[in-house]
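Working notes, beginning with the structure itself.
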Amino acid sequence: MAQYNCKEDFLEAIQVQIRCKKARCFIIEEMEQHIEDQKDAYMNDCDDDKTAMSKACEQMGDPVAIGKQLDRIHRPRMEWSILLAVLVLCSLGILAQISLGNMIKNVNLPNSVNIEKHILFMALGFLLMLVAYFLEYSFIGKYSKILCLLFWIGFVFYAPLNNIVNDSFRYIYPYGLLFIPIYGGILYAYRDKGYTGLIKCLMISIFSFMIELKFVVQCSVYLGILFSSLIMLSIAVIKNWFGTSRKIAMAVTWGWLPISYGLLTLLNINIFNTYQIVRLKETIKALLQIGLYNHDYQINRAINIISHAKLFGGSNLFNEKYIPGFNTEYLLTYIIGKWGLVAGILIIVLFIALIGRMIYLAYHLKNSLGMFVGLGCSLVYALQGSIYILSNLGVQFVAQINLPFVSYGGSSLLINFSVLGLMLSIFRNTNIVKEERYTGVFTLRINRAK
Amino acid sequence: MLENKSLISGSTSMLLLSLLSEKDMYGYEMIETLNQRSNHVFDLKAGTLYPLLHSLEEKEYLVSYENHDSMKPRKYYNITGKGRKYLKKLSDEWNEYANVVRGVIGGVTFGTI
């Protein structure tokens, strides 16, 4: 083993063995602290500075061996289980689209399935995923407030550019989902800020809800986004993120809902659009009066298809029961009708397992920013998945949206793949990003190798 | 002094987890404490300690945090619930092994019925 008399040479010998540049700095910092402690101990034993340093380096062991062992531990990691599950879902989506295209041809209906476009958007989405994967996700922590502001401004300007269907921006909702991971960065920025931080986080959540309320047509989506952000806020409270009393903070997080509802009703203030109020009232009616909307075409068809489905294989009645939106909002119903209940249940189980795995991994991340943003990304899929599955099972009070990675829908595919890339980037960097707090404007600094 | 160092290397994880089950420590402190308590038998090298600590952290048996309160900023390690369970498992295995060895080579055997 070579003799190292100088700390810098010793640390350099370790550093060159560690291939991941991001991991180098915090490893070297820890080694340096150790050498300094060891050197001080030798100096207390009456060694001079130079001898003490030389002995301290010798006591450390072989730097090349240390570097190699640490290199094996601190490597970027791909979370293959998640990527694989998504690829399976994508393949199933393509198969279902092809089969649906053939069915439409056979029953002489106007073809609404564009498989080439579906695959093109999937490929574009995959590219976006790769870009997000190789991006350093810490920018969400650094610039969370700026990102949130840009999101709001973007939303207000982007929404009117969308296709207007039935006087509403029907396809804007995937963009709105991006708020949830950004909110992870917002929470991160308010660490140890007490009740002020909690209130600010809550206000940001409510303000975003108010903006989305004006443009997103699907009530279950904007309410879902609000509840997702409140769930994330609750997790922050449980983890004592703000340094406040958990009970009071939890009461503030959820208590404003009934209070503000009472106040708005008392003062007769409408924050909803007229159609949204009608829709909400009808939703409540539908919940109380089962069978009120028995004449809803799509829901009835979906219920009919599912109730006549076999365990394996397609039902004989199925070909006559085409539903508009089979390739998008009712693809799961199509799969159940075409290939049987077991096929549909398998997709639901796969999707739930994927979300469960995402939440589990995100919740157990060591890096707090990664944990919050990762949970936000998981909730993006959990929200869409639960709305989609419920609407396909004929539940009336949820909106009809796309199933991530499976349904046809350009913006949905692009947004969902981007969020996936962000999530994989978080898992990739879990062992190599050092979390550090400092008192500047930004709360996270990623140490880069010199 | 122990002649056969392999007796130590196999149980280093257990020793480190055991130290950390008492209180949070930084790397140098662990080496010093281990050295003193073992009457200078366990003279662990930093080169052995850190890869082991980082690997235990990766497996979620430990979590680390920076402590900037003292004069020198230091990285402290804290044992997790999972780490405590793992420590118990390692200790049980070790005791079982030690009992069997004692049974073979002779001596007092504790903990049997």
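Sequence lines, in order, name chains A and B.
Residue 50 is where the first sequence starts when you use this note's numbering, and the numbers rise one by one after that.
Residue 232 is where the second sequence starts when you use this note's numbering, and the numbers rise one by one after that.
We put the beta carbon where it would ideally sit given N, CA and C, even for glycine.
{"Item": "Examine chain A for any beta-carbon lying closer than 7 angstroms to the beta-carbon of Arg315 of chain B, and answer yes or no.", "Value": "no"}
{"Item": "How many angstroms separate the CA atom of Asn326 of chain B from the CA atom of Tyr292 of chain B?", "Value": "21 angstroms"}
{"Item": "Under three-state DSSP, which class holds Arg305 of chain B?", "Value": "strand"}
{"Item": "What does the Cβ neighbour count give for Trp290 of chain A, buried or exposed, with the cut at 16 atoms within 10 Å?", "Value": "buried"}
{"Item": "Of the choices A:Ile153, A:Leu136, A:Ser254, A:Gly243, whose alpha-carbon is the least far from that of Ile229 of chain A?", "Value": "A:Ser254"}
{"Item": "How far does the alpha helix (DSSP H) with Ser249 of chain B in it reach, from first residue to last?", "Value": "243-251"}
{"Item": "Relative to the alpha-carbon of Glu331 of chain A, which residue among A:Cys268, A:His357, A:Gly311, A:Ala358 has its alpha-carbon at the smallest distance?", "Value": "A:Cys268"}
{"Item": "What does the Cβ neighbour count give for Pro223 of chain A, buried or exposed, with the cut at 16 atoms within 10 Å?", "Value": "buried"}
{"Item": "For Met256 of chain B, write down the residues that DSSP places opposite it in a beta bridge.", "Value": "B:Tyr308"}
{"Item": "Tell me whether Asp120 of chain A counts as near the ligand FAD, meaning its Cβ is closer than 6 angstroms to at least one heavy atom of that ligand.", "Value": "This structure lacks the ligand FAD, and indeed carries no ligand of any kind."}
{"Item": "Please name the residue, chosen from A:Ile122, A:Tyr457, A:Gly174, A:Gln66, that lies closest to Gly374 of chain A on a Cα-to-Cα basis.", "Value": "A:Tyr457"}
{"Item": "Is the region 427-446 of chain A touching the region 143-151 of chain A, taking contact as three or more C-beta pairs under 8 angstroms?", "Value": "no"}
{"Item": "For a quick check, are the C-beta atoms of Tyr186 of chain A and Ser474 of chain A less than 7 angstroms apart?", "Value": "yes"}
{"Item": "From Gly311 of chain A to Ala448 of chain A, what does the alpha carbon distance come to, in whole angstroms?", "Value": "26 angstroms"}
{"Item": "Going along chain A, which residues have a C-beta under 7 angstroms from Gly278 of chain B?", "Value": "Met109, Gly110, Asp111, Ala114, Ile115"}
{"Item": "Going along chain B in order, which residues have a C-beta closer than 7 angstroms to the C-beta of Lys415 of chain A?", "Value": "Val294"}
{"Item": "Under a three-way DSSP split, which group does Glu85 of chain A fall into?", "Value": "helix"}
{"Item": "Can you pull the chain A residues whose beta carbon is under 7 angstroms from the beta carbon of Asp268 of chain B, in chain order?", "Value": "The displayed chain sequence assigns Arg, not Asp, to residue 268 of chain B. Ordered by position in chain A, no residue passes the 7 angstroms Cβ test against Arg268 of chain B, which lies about 17 angstroms from the chain."}
{"Item": "Using a Cβ-Cβ distance under 7 angstroms, would Asp86 of chain A count as near chain B?", "Value": "yes"}
{"Item": "Let me make sure I understand the geometry here. Which of A:Asp96, A:Gly425, A:Leu313 has the alpha-carbon closest to that of Gly233 of chain A?", "Value": "A:Gly425"}
{"Item": "Kindly list, in the order they appear in chain A, the residues whose Cβ is closer than 7 angstroms to that of Ser286 of chain B.", "Value": "Ile122"}
{"Item": "Kindly indicate the opening and closing residues of the beta strand (DSSP E) around Tyr296 of chain B.", "Value": "293-298"}
{"Item": "What's the gap between the Cα of Lys290 of chain B and the Cα of Leu318 of chain B?", "Value": "13 angstroms"}
{"Item": "Taking C-beta to C-beta, are Ala134 of chain A and Leu403 of chain A nearer than 7 angstroms?", "Value": "yes"}
{"Item": "In whole angstroms, give me the CA-to-CA distance for Leu390 of chain A and Gln433 of chain A.", "Value": "21 angstroms"}
{"Item": "What's the C-alpha gap between Ala411 of chain A and Leu179 of chain A?", "Value": "19 angstroms"}
{"Item": "Is there a Cβ from chain B that is less than 7 angstroms from the Cβ of Leu424 of chain A?", "Value": "no"}
{"Item": "Check whether the Cβ atoms of His285 of chain B and Ile122 of chain A lie closer than 7 angstroms to each other.", "Value": "yes"}
{"Item": "With H, G and I counted as helix, E and B as strand and the rest as coil, what does DSSP make of Val180 of chain A?", "Value": "helix"}
{"Item": "What are the start and end residues of the alpha helix (DSSP H) that includes Lys117 of chain A?", "Value": "112-122"}
{"Item": "Could you give the distance in angstroms between the alpha-carbon of Ile260 of chain A and the alpha-carbon of Ala351 of chain A?", "Value": "33 angstroms"}
{"Item": "Over the uninterrupted alpha helix (DSSP H) stretch that includes Met420 of chain A, give me the two end residues.", "Value": "417-441"}
{"Item": "Quick one: grab the DSSP three-state call for Arg240 of chain A.", "Value": "coil"}
{"Item": "Cβ atoms of Asn441 of chain A and Thr382 of chain A: under 7 angstroms apart, would you say?", "Value": "yes"}
{"Item": "Confirm, please, whether the CB-CB distance from Gln66 of chain A to Tyr110 of chain A is below 7 angstroms.", "Value": "This sequence places Gly at residue 110 of chain A; Tyr is not what is there. No, the pair does not count as a contact, with Cβ atoms beyond the cut-off."}
{"Item": "Between which two residues does the alpha helix (DSSP H) carrying Glu128 of chain A extend?", "Value": "Taken as a continuous stretch (DSSP letters only), Glu128 of chain A belongs to no alpha helix (DSSP H), as it is neither H nor E."}
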